[in-house]
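Here's the structure we're looking at; comments come further down.
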Amino acid sequence: MAELDFERRLERLFMDAPELPDAAAFAQRIERKLDRGWNMRRWLIGAAGLTGGVIGASQLFMSNLFERVETAEQSARLVGQGLSRVSPSTDMVSALSGGYGVWVAVALALAAMAYFASRLIEEM
Amino acid sequence: MSGATISTYASLHDVELCAHAAAGERRAFGELVRRHGSAIRGLLRRMGAQGAEADDVAQDALLAAFERIAEFRGEGTFAGWVKRIAARQYLRRLQREKRLAELAVEGTDDEADATAGDADHRIDLDEALKVLSPAERLCVSMCYGAGLSHGEAAEALNLPLGTVKSHVKRGLEKLRARLAPAESATAEGRRSNG
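Going down the list, the sequences are from chains H and U.
Using our numbering, the first residue of the first sequence is number 1, and each one after it goes up by one.
Using our numbering, the first residue of the second sequence is number 125, and each one after it goes up by one.
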């Protein structure tokens with residue numbers, strides 16, 4: 001029993017740690033470290049997004065885009081003609097499946113780039 | 125961050141602060157550090173770390189705790205949870221720097237001083253811990269300060285369970301011898317005052 005009492009007392013003594021004089025400064029140091037780590041993380045995410053956007057947009061432009069647009073437009077026209085015989089309301093389908101679809105993809109990529117660029121500017 | 129928010133954090137319970145910190149609020153975690161930072165640094169010092177080293181390990185442990193705050197379910201105290209992280213990190217540091225093996229061997233340097241109880245002065249825990257060998261000090265601090273079981277301490281120290289138990293037993297005997305005179309002196313003082 002005395003053994004157990006002593007162990008309880010020892011636990012209390014361990015818990016009863018004195019407040020160190022630089023406790024506030026230590027806490028501020030930790031907060032600064034956390035802020036720095038957080039900012040670094042946001043920068044990295046922003047940079048990764050921007051890089052991805054640039055790569056995506058450049059891939060779109062570099063991969064014979066204009067040639068493909070022409071081919072796609074021709075295909076779309078043919079598909080559109082075919083569909084118009086089946087159903088009268090095919091404008092939307094032909095727009096997305098043809099040359100417009102590529103431009104929509106480019107616009108989305110640019111929007112993504114703009115978003116990540118704005119995040120970066122906000123961080124600065 | 126406004127002063128109003130900081131004062132709001134000051135009025136919150138640890139568990140609530142942990143929930144805020146888990147949502148990414150770094151100032152909420154800062155309040156937890158303000159409350160418990162000294163206890164964590166104190167434990168590391170009691171385990172044998174020097175001032176600057178104890179602060180470094182405490183800082184690493186607190187940053188790790190922030191990263192893993194979602195794992196804290198409020199089953200024990202926040203301070204206890206971080207103390208366990210800090211104790212393990214300190215041991216890993218000792219292992220990395222190849223100091224753990226030296227500490228884990230039987231130390232007899234301070235044995236002579238162990239029974240030299242100072243009945244005239246109140247001896248606090250920090251003073252009493254100085255009479256323990258490094259291994260005893262580590263084991264006792266881990267089990268009674270960080271709240272690890274003997275098994276967990278043995279695993280963390282990479283020592284057989286029996287060795288840890290005997291370090292703890294010897295450490296407790298020395299601490300009892302060291303702390304008991306102060307206890308009886310205090311009781312004596314109370315009697316004479318009464």
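Just so it is clear, CB atoms sit at the ideal spot from N, CA and C, and this is done for glycine as well.
Item checked: Secondary structure of HIS274/U, DSSP reduced to three states -> helix
Checklist line | Beta-carbon spacing of VAL264/U, ARG217/U below 9 Å | finding: no
Margin query: Among the candidates ALA304/U, ASP250/U, ALA194/U, whose CA atom is the shortest distance from the CA of LEU167/U?
Written below: ASP250/U
Next item on the list: Compute the distance between the beta-carbons of GLY56/H and TYR115/H, then report whether it is under 9 Å.
Entry: no
Notebook entry, point to check: Should GLN219/U be flagged as near chain H, meaning a C-beta pair shorter than 9 Å?
Noted result: no
Notebook entry, point to check: Are GLY161/U and PHE26/H touching if we call contact CB-CB under 9 Å?
Noted result: yes
Notebook entry, point to check: chain H beta carbons: is any one of them nearer than 9 Å to that of ASP138/U?
Noted result: no
Notebook entry, point to check: Closer than 7 Å, Cβ to any Cβ of chain H: which residues of the segment 260 to 276 of chain U, in chain order?
Noted result: TYR268, GLY269
Check: For THR201/U, does the three-state DSSP call read helix, strand or coil?
Finding: coil
Check: Span of the alpha helix (DSSP H) holding ASN39/H?
Finding: 23 to 62
Notebook entry, point to check: With burial defined as no fewer than 16 other Cβ atoms inside 10 Å of the residue's Cβ, what is the status of VAL206/U: buried or exposed?
Noted result: buried
Check: If you draw a straight line from the alpha carbon of GLY198/U to that of GLN59/H, how long is it in whole angstroms?
Finding: 50 Å
Item checked: Exposure label - PRO258/U; buried when at least 16 CB within 10 Å -> buried
Checklist line | Under the three-state DSSP convention, the category GLU196/U falls into | finding: One point to set straight first is that residue 196/U is Phe, not Glu, in the sequence displayed. It is coil, neither helix nor strand.
Note to self: With a threshold of 9 Å between beta-carbons, can GLN73/H be considered close to chain U, or not?
What the structure shows: Here the sequence assigns Glu to residue 73/H, which means Gln is not the residue at that position. Not an interface residue.
Check: For ASP16/H, which of helix, strand or coil comes out of DSSP?
Finding: coil
Next item on the list: For chain U, find out if any of its Cβ atoms is closer than 9 Å to the Cβ of GLY37/H; answer yes or no.
Entry: yes
Notebook entry, point to check: Name the chain U residues whose beta carbon is nearer than 8 Å to that of LEU34/H?
Noted result: ARG150, PHE153, GLY154, LEU187, PHE190
Notebook entry, point to check: For the alpha helix (DSSP H) that ASP138/U lies in, which residues bound it at each end?
Noted result: 138 to 146
Check: Whose C-alpha, out of VAL157/U, GLU149/U, ASP248/U, is nearest the C-alpha of GLN28/H?
Finding: VAL157/U
Item checked: Contact set for ARG170/U: own chain, Cβ-Cβ below 8 Å, skip 5 residues either direction -> LEU249, ASP250, LEU253, ARG261, SER265, GLY269
Next item on the list: Please confirm whether ALA176/U and ILE209/U have their CB atoms less than 9 Å apart.
Entry: no
Notebook entry, point to check: Taking the alpha-carbon positions, what's the PHE190/U to GLY154/U distance?
Noted result: 10 Å
Next item on the list: Measure the C-alpha to C-alpha separation of GLU276/U and ARG119/H and round it to an integer number of angstroms.
Entry: 46 Å
Item checked: For ALA225/U and GLN219/U, the rounded distance between their alpha carbons -> 8 Å
Next item on the list: Measure from the alpha carbon of ALA112/H to the alpha carbon of each residue in LYS33/H, VAL54/H, MET62/H, then state which is nearest.
Entry: VAL54/H
Margin query: Counting only beta-carbon separations shorter than 9 Å, does ARG302/U have a partner in chain H?
Written below: no
Note to self: Just to make sure I have the definition right: I need the residues of chain H whose C-beta is within less than 9 Å of the C-beta of GLN183/U. Which are they?
What the structure shows: PHE26, ARG29, ILE30, LYS33
Notebook entry, point to check: With a cut-off of 9 Å, does the C-beta of LEU20/H fall near any C-beta of chain U?
Noted result: yes
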